[in-house]
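Residue numbers (our numbering), protein chains in the order written: chain A, 134 to 473; chain B, 12 to 371.
All residues carry an ideal CB built from backbone N, CA and C; glycine is no exception.
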Amino acid sequence: MTPPKDKEQKVDAPDESLSETRLSRFRFSKKKDMPGGLWLKCESCSQMIYRKELEEAGRVCPSCGFHFTLPGRERIQLLADPDSFAEHFAEITGLDRLSFTDKIPYGEKLVQTAKRTGQNEALIAGTASIEGRAVVLAILDFSFMGGSMGEVVGEKFALACDLARAKGLPLVCFTSSGGARMHEGALSLMQMAKTCSALQSLHDAGGMSICVLTHPTTGGVTASFATVCDLTLAEPGALIGFAGPRVIAATLKQELPAGFQRAEFLLEKGMLDAIVERSSLRATLAKLLDYAPMARGVALAPTTSTGSADAKGVAPAWSATQAEVLGSRRPTAPKTPRKA
Amino acid sequence: MSDSKRNGEADGLARIPGADAGHEAAGGGVSRRGNTRAAMPFEREIHETEAKLAELRDAARSTTLDISEEIENTEKRIQELIARIYSGLTAWQRVNVARHPDRPVTADYIATMLDEFTELHGDRSFGDDRAMVTGLARMGDHRFVLVAHRKGRTTKERLECNFGCAHPEGYRKAWRKMKLAEKLRLPIVTLVNTPGAYPGIGAEERGQALAIAENIIGMFTLTVPIVVCVIGEGGSGGALGIGVGDRVLMLEHAYYSVISPEGCAAILWKSGERSADAAEALKLTSENLSSLGVVDEIVREPLGGAHRDPAGAIQNVREALTRHLDELVQIPVDRLVAERRTKFRNIAALEGRFPTVAVG
């Protein structure tokens, strides 16, 4: 498992002398991302960029087109129709069930991070509409402990799957994550199975899922729900992998090929459906969402027995009636009202 | 395919008959004691007393004095020492026991636990990953498909199978054989023993993350019983890639963790020296995981660990697997799969902690 790539740890880790220079292109410096400075340096082309210009460009480097990691809230703003986003499950907070302490106790770290980021956990879930198409959104936010997946992230993703199933909506997720959160030990590992369990139940019920992998996505998130959605997209230049590049370089004791583990590399190796630029994501997603069965008014056959009711009372809710209702939501239909 | 049973070849050495005769001589490779003591400093007192016992036995042969009482006392003392040391192992010591070179590996389980095994190779797409063994197995009345990490026993074997670190083709081979199991209505037994999936250039190129993810989500669809047993190292996603089951068992001194203690220590404390602290913090022992609800049952090891009595440990695993297979084959497949999903959907969650979404 790739360890969670907590930004703070990266910044105050100048002792990795050997890999410092050759791997510097893989580092995600907090300084570069923090508000405050007027100028910052592109982590891809090293060009100095005026911060405001970068933000206005949706955090895409104006000179090389590198797609910077986008904070979760900005992603929603960029993607969802105005005022269409209704957050769900925001109240769930993490627990330090293992009494895990590194520099500070994990419980304290959670509180501090929540205070700094203004949210309780690394995944933001809710309903929204994208150019009039209603969806369930699940967005991993890298600024919360490197977007790492612990119990709450896993649970919220699973709840988002359940919500999509209950409402008969497609699931659209965005990932940026260092992987499983080691502060939760095997509990975080189990989230890989939990998220896949919920996603498979959504799939069995005829639900459509789209995952957009963004910079960076590694470890237990890549090795679970992120890569097994119906459609797998990525933003240009995104670092996507199982093991992090530093782990691989350290294991092999050799320099990694240029472009290794970047979205373009993955596309070439057949691991992605498409690379989509941030500026056209919204339109592309809207176009793709029209292929969802319910958007086309297709009534699905009853699901297989394997998708039937489980102990939580969650049964596939696919019915012709529902499909018909949803099918009326055409691309040209007026914007979906705010979902509660 | 090779039809090899009880000849020391079953674990992937099909093409090299007679390779590694040393193991066959040692009885299916079940006992390989003797050269590995440095790895476990906490066992030093046991080894010293064992050495003393050997001296006494030598002496008994060359003297007319009756020292049988002393021998008996020393034997007793050894048992007491083992019991005392093993009842208070730290998490890090457990990790070392789980990695002990004499600890039974998949080859030993195939040779000793199974009554029949036919290895099936290859993922039909890229290659045959020797770090993963798959095949048709019989154990008493149960026929099933075995899917297991392979670590190897000798240096040669260990190199050949990458020390148990599988590549994507290993996970895809596993998936292919699991689909075969479903087709043939055979249960699946997986033995988990890997430090982790291999982090390398080829592995990434061929989609290591995707291969693991496809197994995890795929195992939620298989309409046959799945029993998982962690027999040594449960290393992260590489373990979970064959680790989704209706029952998850774990040997007493195995470990199962999201990251290796060394990796965790390197990140948190920038020092491999703190591995012991990391092992403690990660709560990776069978007792920890059983009380958290990650594993369903701890399979006890003979006193002093499986490396002291491989046959005893393997027998315990056989007994546990048989018991669970007996139960699972009775359950209708609809219920089986629904319950497997619910099990992992709610795994280790505290009662009432999370909201639910009513569907339907």
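Check, Outcome
"Candidates B:A276, B:L260, B:G218, B:K294, of which the one nearest K320 (chain A) by Cα", "Per the sequence shown, the amino acid found at residue 320 (chain A) is Leu instead of Lys. Checked all of B:A276, B:L260, B:G218, B:K294; the closest Cα to L320 (chain A) is B:K294."
"Spatial neighbours of I408 (chain A) in its chain, beta-carbon cut-off 6 Å, leaving aside the 5 residues before and after", "A367, P369, A396, L400"
"Residue span of the alpha helix (DSSP H) that contains P195 (chain A), given as start and end", "First-last for P195 (chain A): undefined, no H or E at that position."
"E130 (chain B) beta carbon less than 8 Å from that of V144 (chain B)", "yes"
"Where Y182 (chain B) falls, given that 16 or more other Cβ within 10 Å makes a residue buried", "buried"
"DSSP-derived helix/strand/coil call for F365 (chain B)", "coil"
"Cα-Cα separation between R364 (chain B) and G311 (chain A), rounded to whole angstroms", "25 Å"
"Closer than 8 Å to chain B by CB, M288 (chain A)", "The question names Met, but residue 288 (chain A) is Glu in the sequence shown. It does: the Cβ of E288 (chain A) has a partner Cβ on chain B nearer than 8 Å."
"Cβ shell of G259 (chain A) (< 6 Å), same chain only, five flanking positions each side left out", "F218, A219, E220, H221, L270"
"Supposed close pair G248 (chain B), I223 (chain B) - CB separation, criterion 8 Å", "5 Å"
"Below-8 Å beta-carbon distance, T232 (chain B) vs any chain A residue", "yes"
"C-alpha distance - D307 (chain B) paired with D152 (chain B), whole-angstrom precision", "23 Å"
"Residue nearest to D363 (chain A) in terms of C-alpha spacing, selected from A:S309, A:A419, A:A267, A:A425", "A:A425"
"For M355 (chain B), the first and last residue of its enclosing alpha helix (DSSP H)", "Note on identity: in this sequence residue 355 (chain B) is Phe, with Met being the wrong assignment. From DSSP, the alpha helix (DSSP H) with F355 (chain B) extends over 344-356."
"Test: F355 (chain B) CB closer than 8 Å to a CB of chain A", "yes"
"Distance between I237 (chain B) and F355 (chain B) (C-alpha atoms, nearest Å)", "13 Å"
"Counted within 10 angstroms of its Cβ, other Cβ atoms place Y266 (chain B) as buried (16 or more) or exposed", "buried"
"Assigned exposure category for W451 (chain A) - 16 Cβ within 10 Å defines buried", "Note that W451 (chain A) scores a pLDDT of 40, beneath 50, so its modelled location is shaky; the value from the coordinates is reported in the next line. Classification for W451 (chain A): buried."
"C-beta contact flag for I381 (chain A) and I93 (chain B) at 8 Å", "no"
"Cutoff 8 Å: F174 (chain B) Cβ touching any chain A Cβ", "no"
"Beta carbon of V255 (chain B) nearer than 8 Å to that of A326 (chain A)", "yes"
"Buried or exposed by the 16-neighbour rule on C-beta atoms within 10 Å, applied to L244 (chain B)", "Checking the sequence, you will find Glu at residue 244 (chain B) rather than Leu. Burial call: buried."
"Beta carbon proximity, D295 (chain A) to chain B, threshold 8 Å", "yes"
"Beta carbon of D274 (chain A) nearer than 8 Å to that of G353 (chain A)", "no"
"Member of B:R105, B:M150, B:D139 whose CA lies at the smallest distance from the CA of T123 (chain B)", "B:M150"
"Test item: CB-CB of E180 (chain B) and F137 (chain B) under 8 Å", "yes"
"Segments of 3+ residues assigned as beta strand (DSSP E) that fall wholly inside the stretch 229-288 of chain B", "237-246, 258-262, 266-268"
"Simplified DSSP assignment, three categories, for K294 (chain B)", "coil"
"Beta-carbon gap between G283 (chain A) and S268 (chain B) smaller than 8 Å", "no"
"Residues from the stretch 203-236 of chain B in contact with chain D, defined by Cβ distance under 8 Å", "Of the chains in the structure shown, none is chain D; the protein chains are A and B."
"Cutoff 8 Å: I358 (chain B) Cβ touching any chain A Cβ", "yes"
"Whether L191 (chain B) touches V156 (chain B) by CB criterion (8 Å)", "yes"
"Cutoff 7 Å; reference D320 (chain B); Cβ partners in own chain excluding five residues on either side", "P313"
"Pairwise C-alpha distance: L302 (chain A) and S302 (chain B)", "37 Å"
"Residues near L292 (chain A) in its chain [Cβ-Cβ closer than 6 Å; skip 5 each side]", "F222"
"F393 (chain A) vs A208 (chain B) beta-carbon contact at 8 Å", "no"
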